[in-house]
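In this note's numbering, the protein residues as written are 144 to 247.
Here it is in structure tokens:
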């Protein structure tokens, strides 16, 4: 992505459904964020910004409707971590997610 000011950033996401049964699936997920330049007002540093890994367990009620629960771990790196620490924030986070996957 390129902002109006010419700042370049990218995010790479990957996920894969591992079928446990016909309806139950486990979904490992990974997201990596990088930026070509520092944008202090958004707390983004140059280089590798963060890595987030997680796992979701879902149940397909139908092919188009699947509620899920999961957990994730995220860590900031490099200049982004330095900006977070300077602002008094943590550079690591863990959490729980819940939601519904809908396909139209």
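Every residue gets a Cβ at the ideal spot worked out from N, C-alpha and C, and that includes glycine.
Check: CA-to-CA distance, residue 190 to residue 165, given in whole angstroms; Outcome: 41 angstroms
Check: Rounded straight-line distance, which links the Cα of residue 178 to that of residue 148; Outcome: 13 angstroms
Check: Beta carbon of residue 207 nearer than 8 angstroms to that of residue 246; Outcome: yes
Check: Contact check, residue 241 vs residue 204, beta carbons under 8 angstroms; Outcome: no
Check: For residue 152, the three-state DSSP class (helix, strand or coil); Outcome: strand
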